[in-house]
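Residues in the sequence shown are numbered from 0 upward in steps of one, following numbering that gives the first Met the number 0.
Cβ coordinates follow ideal geometry from the N, Cα and C atoms, glycine included.
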Amino acid sequence: MKSGDMFEAEPGSANRQEINPLLKLALELGPLMIFFFANARGERIAAAFPFLQDLGGPLFLATAAFMVATAIALAVSWVMTRKLPIMPLVSGAVVLVFGGLTLWLQDETFIKVKPTIVNGLFAAILLGGLLFGRSLLAYVFDSAFRLTAEGWKKLTLAWGVFFVFLAILNEIIWRNFSTDFWVAFKVWGIMPITFIFTLAMVPIITRHNLGDDSPQDP
Numbered sequence: 000m001k002s003g004d005m006f007e008a009e010p011g012s013a014n015r016q017e018i019n020p021l022l023k024l025a026l027e028l029g030p031l032m033i034f035f036f037a038n039a040r041g042e043r044i045a046a047a048f049p050f051l052q053d054l055g056g057p058l059f060l061a062t063a064a065f066m067v068a069t070a071i072a073l074a075v076s077w078v079m080t081r082k083l084p085i086m087p088l089v090s091g092a093v094v095l096v097f098g099g100l101t102l103w104l105q106d107e108t109f110i111k112v113k114p115t116i117v118n119g120l121f122a123a124i125l126l127g128g129l130l131f132g133r134s135l136l137a138y139v140f141d142s143a144f145r146l147t148a149e150g151w152k153k154l155t156l157a158w159g160v161f162f163v164f165l166a167i168l169n170e171i172i173w174r175n176f177s178t179d180f181w182v183a184f185k186v187w188g189i190m191p192i193t194f195i196f197t198l199a200m201v202p203i204i205t206r207h208n209l210g211d212d213s214p215q216d217p
């Protein structure tokens with residue numbers, strides 16, 4: 000297999016394979032929910048499985064669970080499509096690196112900085128792609144929307160700026176609040192903010208929608 004065949008094909012390509020949208024959502028949000036659950040119930044889990052106590056406190060147990068769940072999610076994506084999704088792959092790589100450092104050095108700072116790095120990388124990828132004339136967000140949402148080239152450009156720019164905002168917000172939260180507050184906000188704060196932002200993008204999607212039968216040009 001060529002290295003290029005390992006990654007998802009371009010939007011609209013005949014070689015691009017899609018999985019059920021609900022399953023895709025579960026694979027992307029599942030590791031985050033497991034992270035939250037393991038952090039909230041870390042002491043009980045460690046008591047039930049004493050060998051996990053060697054990992055450290057709840058946050059370290061949650062970090063290990065997050066790493067395993069992320070690896071499983073990527074593996075399922077590979078089994079289902081024989082392709083590695085680009086955006087989750089970037090996030091997964093950062094999770095494994097910073098999660099490994101967190102467990103090895105027993106320093107929770109690394110896992111707290113991870114969202115800053117991931118969001119910063121996504122912003123750099125999306126905004127950098129625009130500099131080269133590529134609307135890379137089409138790789139993520141092409142199964143849901145069929146937009147004009149101008150529509151993908153505007154949507155990619157908006158999401159790139161939003162990822163910058165999320166990176167800055169994560170830095171503010173983890174540096175100024177407790178670990179438990181940071182974990183709770185990471186799950187129950189970021190999701191509503193992202194949902195509201197997504198709704199704000201509906202006018203762009205509606206205005207630049209191609210329809211079911213129009214050719215796509217990302």
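Original post:
Cβ atoms of LEU146 and ALA157: under 9 Å apart, would you say?
Top reply: no
Subject >> Where LEU129 sits in the DSSP three-state scheme >> reply: helix
**OP:** Would you list the residues sitting across from LEU146 in a DSSP beta bridge?
**Re:** ASN208
Original post:
Which residue comes first and which comes last in the alpha helix (DSSP H) that contains MET79?
Top reply: 57-80
**OP:** With a 10 Å radius around its C-beta and 16 neighbouring C-beta atoms as the bar for buried, classify ILE234 as buried or exposed.
**Re:** Given a span of 0 to 217 for the chain in the structure shown, any question on residue 234 remains unanswerable.
Subject >> SER2 burial status per 10 Å Cβ neighbour count (16 or more: buried) >> reply: Residue confidence for SER2 is low, a pLDDT of 46 falling below 50, so the modelled location carries little weight and cannot support an answer.
**OP:** State the DSSP-derived secondary structure class of LEU102, mapped to helix, strand or coil.
**Re:** helix
Original post:
Residues in its own chain within less than 7 Å of GLU42 by CB, not counting five upstream and five downstream?
Top reply: PRO57
Original post:
With respect to the alpha helix (DSSP H) encompassing MET190, which residues constitute its N-terminal and C-terminal limits?
Top reply: 189-199
Original post:
Who are the Cβ neighbours of ILE192 in its own chain at under 7 Å, not counting the five residues just before and after it?
Top reply: none
Subject >> the stretch 75-82 touching the stretch 93-104, judged by at least three CB pairs closer than 8 Å >> reply: no
Subject >> Spatially closest choice to LEU28 from MET190, PHE196 and LYS152, by CA coordinates >> reply: MET190
Original post:
Roughly how many whole angstroms lie between the Cα atoms of PHE196 and ALA63?
Top reply: 30 Å
Subject >> Boundaries of the alpha helix (DSSP H) in which ARG43 is found, first to last residue >> reply: 41-47
Original post:
Can you check whether the CB of LEU126 is closer than 9 Å to the CB of GLY150?
Top reply: no
**OP:** Compare the beta carbon distance of VAL186 and MET66 with 9 Å and say whether it is the shorter of the two.
**Re:** no
**OP:** Go ahead and pull the three-state DSSP assignment for LEU156.
**Re:** helix
Original post:
Can you tell me whether DSSP reads GLU107 as helix, strand or coil?
Top reply: coil
Original post:
By Cβ distance below 6 Å, which residues in the same chain neighbour ASN118 in space, the five residues on each side in sequence not counted?
Top reply: PHE162, LEU165 and ALA166
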